[in-house]
Every structure is written in C-alpha cells, then in structure tokens.
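Note sheet for the following structure.
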Amino acid sequence: MLNVYLSGEIHTDWREQIIAGAKGLDVVFSAPVTDHAASDDCGVSILGAEENKYWHDHKGAMVNAIRTRKGIADADVVVVRFGEKYKQWNAAFDAGYASALGKSLIILQPPEHDHALKEVDAAALAVTREPGQVVEILRYVLDGTLPG
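Just so we're aligned, residue 225 is where the sequence shown starts under this note's numbering, counting upward by one.
Right, here's the structure in full:
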C-alpha cells in the first residue's frame, strides 16, 4: 500500500481527479485542510483572536503545520500541485520539506511554471502536467503496468 499526501493548490478539483482515478489501487490519500476559510482562521478560532493580520495568519500557519508535517512524514509519496492562479509559497515549502525528508516527490504543474520551479522540479522524481499522469505513476509503482 502507498500512503500519498496531496499538497498544494486548493482552487481546482485535481485531488478528486487523482483519488477517483486511483480507485482499485492500494493507495491511501491524505491532504491539508482544503476549506480556505477554515485553513486561514483555524489558529484564531482555536487559540484566540488577533488584531494584527500577521499574527492571525501566523497562528493559522502553525496549527496547519501540525497536520502538514504529519501528512508528509507519514507519506510514501508526496504530490505537490502548483496551480495557475496564485503563487503557492506553501506548496514550494511542502516540496522542500518532503525532499529534505527523502520522500518520493511528484510535482504537478502547468508548463508556464517550468522556469520558476526549476529547483523544485530538480528535487522531484517526476514532473507531471495532468492529474491522470499522477495516477498512471501510482499504478506503475504498485502494479508495474503501463497505460494503454
């Protein structure tokens, strides 16, 4: 069985595509909280309000890091998606953290990010363009079968 952590962009359904495509494979998926408001406000909701936005965000980042660190540490494979609309600094951090832990890293990104992510891509074992390619890698790793 593979434990796969799905990190990165939260504005599209790429996670759902991978999970649906991997039906029947011996894979368990985990991910960060993808409810944007909950992710942003978890720190102040649990630990108390902050007037300063920096400390508001800082509390949330720390609480979210507990889940992220656990998910990446437990993963056999970490998939990091860089979307088109926003700069995902947290995704780049997750990729670096996973790489530092020696995790197998798959990057999912559009071609226009190739130059900006060249160092991240160099740490990955695969750079993909579509969620289906991630599924095919997982299938190959588990079953040794190629698409077709």
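A virtual CB, placed ideally from N, CA and C, is assigned to each residue, including glycine.
| Query | Result |
| --- | --- |
| Distance between beta carbons of ALA285 and VAL359, contact taken as under 8 Å | About 30 Å; that fails the 8 Å criterion. |
| Residue range of the beta strand (DSSP E) that includes ASN276 | Where ASN276 is concerned, there is no enclosing beta strand (DSSP E), given that its DSSP letter is neither H nor E. |
| Beta-carbon proximity check, ILE296 vs ILE330, cutoff 8 Å | no |
| VAL304 vs ALA315 beta-carbon contact at 8 Å | yes |
| Nearest-angstrom Cα separation, counted from ASP367 out to PHE317 | 31 Å |
| At least three beta-carbon pairs within less than 8 Å, the region 304-313 to the region 227-236 | yes |
| CA nearest to the CA of TYR229, picked from ALA273, HIS260, LEU271, THR292 | THR292 |
| Backbone CA spacing between VAL301 and ALA262 [nearest angstrom] | 26 Å |
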